[in-house]
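**Q** Residue 336 in our numbering sits at position 328 of the sequence shown; the count goes up by one each step and never skips. Backbone N, C-alpha and C fix where the C-beta goes; we use that ideal spot for every residue, glycine too. The structure displayed is predicted, hence computed values, not measured ones. Take this structure, written in structure tokens, and hold onto it; I'll ask about it next.
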Amino acid sequence: MDDVVILGGGVIGLASGLALVRDGLQVRVLERGEPGCGASHGNCGTITPSHAPPLTMPGVLWHALGWMLRRDAPLYVRPGLDMERLRWLFGLARHVNWRDFHAAAAARAALLIQSRERFAPMLQEFGIEAGFEERGILFLFKDQQVWKQEQAHTALLNDLSIVVESLSSEQLHANMPGLRSEVVGGMKYPGDAMLRPERYVAGLEQAFLRSGGEITRETDVLGFCTSAQHIDSVHCSRGNYPAKRVLLAAGAWSPLLARQLGLRLPVQPGKGYSITWGKTAGVPDIPLVLKERSVCVTAWADGFRLGSTMEFSGFREGLNRTRLHALRRGAAEYLKLPPLGAPSEEWWGWRPMSVDEVPIIGPSRRWENLHFATGHGMLGVSMSPATAVLVANQFTGRTPDLDPTPYDPARFNL
Ligand SMILES: Cc1cc2nc3c(=O)[nH]c(=O)nc-3n(C[C@H](O)[C@H](O)[C@H](O)COP(=O)(O)OP(=O)(O)OC[C@H]3O[C@@H](n4cnc5c(N)ncnc54)[C@H](O)[C@@H]3O)c2cc1C
């Protein structure tokens, strides 16, 4: 019997698995496809304490309603009577108030900042070559008003120990000839970083296997064998896996598995898209967020990616050409892009969006040997090192160096 069976081999499952095997536990990851085949593959790879403020800022609902009238807007909610989605949307709307906003920002900042500090030593310790660069991130603005609103958050970010610098149009254009004249200002977050996410996940997988972990691939978790308050084994397409403890880290699919245990996990898939090209000359070498269009631009030594959009359309698979075009059009509004040619990959993935925008990490109260590590939304890569340490501390009974209370699944009666 394994000490821990982890459901899901994404960035959260693998990083947690690695921390647990390093603590001497026998760990198995059950993965329906190949490790990293979910949201952890084609995301933008930015590591962003800058994103500590959640989406639930008061005023956001009017903005969101305006966006929903446009088919190519960065936010899309598919109309329809999906009760789980409606319940989640109303739940999210309830968190749009200053008290919850500040609480979520503090909880997110704690995980983000601790992760950011751990990235470089962790990548070095495990020999993971993932194109990690500490260049910061730059938000670009075309609208003076939006830029001013962002500047108004400087004090909030500074209170969270996140450094931000405002850059004038002159400063930007003097240093970045590839910007279009429409760009009126920027905000630089020097503490942010980037890496190539698919390489990071592949590195975590290798380090986990080298450290003695096991991965059972192409194995669908279908349900659970239980007695009283205990999960005896995980029922899979390839048989049953008995486990002393179970870690639910199945990203956006986590609520489907939680439902098998009679639990309502308030997580919805937030679909996003990306387009990737090979090594591309003439693109900015600092990651960018093109604010009004919500497009993220990342250029590594060996590739270039445009990504983003947030679509709440349930578990509807596949690419949406309108949204892919919107990424390209959005980028071209801010940047004089070189001819890009055919992309090497067009991709979509589901972010595990928790209803209060705070990850769900910790033990279940209902099932004595179930633990959660999910709901990381737009920030799973950025939060993975600290999530893994928190999970390992909780499993081994060490005192966590991060207050676990804000992430506690008990807030949702799980
Ligand atoms: C367009 C886009 C851009 C993004 N950019 C960034 C960024 O710049 N920085 C950042 O930090 N984050 C970013 N994110 C968010 C990030 O990708 C996610 O938060 C993160 O990948 C979630 O990791 P996870 O391990 O929880 O889920 P996943 O990576 O989705 O892993 C879950 C795994 O569980 C497996 N699974 C599910 N159900 C079962 C089952 N029944 N049986 C067996 N296995 C199962 C899946 O196959 C999958 O491999 C972005 C996301 C998107 C979509």
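Going by DSSP in three states, Ala213 sits in which element: helix, strand or coil?
**A** The residue asked about is misnamed: residue 213 is Glu in this sequence, not Ala. Glu213: helix per DSSP, three-state reduction.
**Q** Just checking my contact of Ile55 with Arg143 at CB under 8 Å: how many whole Å lie between their CB atoms?
**A** Not really, about 11 Å apart at Cβ, beyond 8 Å.
**Q** Of the choices Arg253, Arg329 and Leu83, whose alpha-carbon is the least far from that of Val399?
**A** Arg253
**Q** Does the Cβ of Lys8 have 16 or more other Cβ atoms within 10 Å, making it buried, or fewer, making it exposed?
**A** The requested residue 8 is not part of the displayed model; the chain covers only 9 to 422.
**Q** Assign Ala394 to buried or exposed, taking buried as 16 or more other Cβ atoms, counted over all protein chains shown, within 10 Å of its Cβ.
**A** When all chains shown are included, Ala394 counts as buried.
**Q** Beta strand (DSSP E) containing Leu298: first to last residue?
**A** Leu296 to Leu298 is the extent of the beta strand (DSSP E) around Leu298.
**Q** Where do the N-terminal and C-terminal ends of the alpha helix (DSSP H) with Arg126 fall, by residue?
**A** Arg126: member of the alpha helix (DSSP H) spanning Trp106 to Glu133, first to last residue.
**Q** Contact criterion: CB-CB distance below 8 Å. Does Gly247 meet it with respect to chain E?
**A** Going by chain labels, chain E is absent from the structure shown, which holds only one protein chain.
**Q** Can you say whether Arg116 is buried or exposed, counting buried as having 16 or more other CB atoms within 10 angstroms of its CB?
**A** buried
**Q** Just the C-alpha distance for Ala396 and Ser189, rounded to the nearest angstrom, thanks.
**A** Rounded to the nearest angstrom, the gap between the Cα atoms of Ala396 and Ser189 is 43 Å.
**Q** Taking Ile20 as part of the alpha helix (DSSP H), name the residues at either end of that continuous run.
**A** Val19 to Arg30
**Q** How many angstroms separate the CA atom of Gln268 from the CA atom of Pro66?
**A** 35 Å
**Q** For Phe29 versus Gly220, is the C-beta spacing smaller than 8 Å?
**A** Just to set this straight, residue 29 is Val in the shown sequence, not Phe. Contact flag set, yes.
**Q** First and last residue of the beta strand (DSSP E) that includes Arg359?
**A** Glu353 to Ser362
**Q** For ligand 1, is there any heavy atom lying closer than 7 Å to the beta carbon of Ile239?
**A** Not under cutoff, so the answer is no.
**Q** Figure out for me which residue from Gly247, Leu230 and Ala251 has the closest Cα to the Cα of Asp240.
**A** Of the candidates Gly247, Leu230 and Ala251, the residue whose Cα lies closest to the Cα of Asp240 is Ala251.
**Q** Measuring alpha carbon to alpha carbon, tell me which residue in Asp31, Lys150, Leu332 and Leu255 is nearest Leu175.
**A** Lys150
**Q** Given 7 Å as the limit, tell me if Arg253 has its C-beta closer than that to any heavy atom belonging to ligand 1.
**A** no
**Q** Specify, as a first and last residue, the run of the beta strand (DSSP E) that Tyr281 falls within.
**A** Val275 to Trp285
**Q** Compare the C-alpha of Phe127 against each of Ser392, Pro412, Asn421 and Thr413 and name the closest.
**A** Residue Ser392 holds the alpha-carbon nearest to the alpha-carbon of Phe127 among Ser392, Pro412, Asn421 and Thr413.
**Q** Can you check whether the CB of Leu168 is closer than 8 Å to the CB of Ala266?
**A** The beta carbons of Ala266 and Leu168 sit no closer together than 8 Å.
**Q** Does the segment 153-172 come within contact of the segment 273-292, defined as at least 3 CB pairs closer than 8 Å?
**A** no
**Q** So Arg36 is in the alpha helix (DSSP H); what residue range does that whole segment cover?
**A** Segment Val35 to Leu38 is the beta strand (DSSP E) holding Arg36; no alpha helix (DSSP H) there.
**Q** With distances taken from CA atoms, which of Pro347, Phe312 and Trp356 is nearest Arg324?
**A** Ranked by how close their Cα comes to the Cα of Arg324, the residues Pro347, Phe312 and Trp356 have Trp356 in first place.
**Q** Which residue comes first and which comes last in the beta strand (DSSP E) that contains Met318?
**A** Gly311 to Phe320
**Q** Given a cut-off of 8 Å, decide if Leu15 and Val389 are closer than it, judged by their beta-carbon atoms.
**A** no
**Q** Are Leu296 and Gly53 closer than 8 Å when you measure CB to CB?
**A** Contact: no.
**Q** Mark Gly290 as exposed unless 16 or more other C-beta atoms lie within 10 angstroms of its C-beta, in which case mark it buried.
**A** exposed
**Q** If you run the structure through DSSP and keep just helix, strand and coil, what is Trp308?
**A** Trp308: strand per DSSP, three-state reduction.
**Q** Taking Pro347 and Thr284 to be in contact with their CB atoms under 8 Å, please state how far apart those CB atoms are, rounded to whole angstroms.
**A** Actually they do not touch by this definition, with Cβ atoms about 16 Å apart.
**Q** Between Tyr249 and Arg36, is the Cβ-Cβ spacing less than 8 Å?
**A** yes
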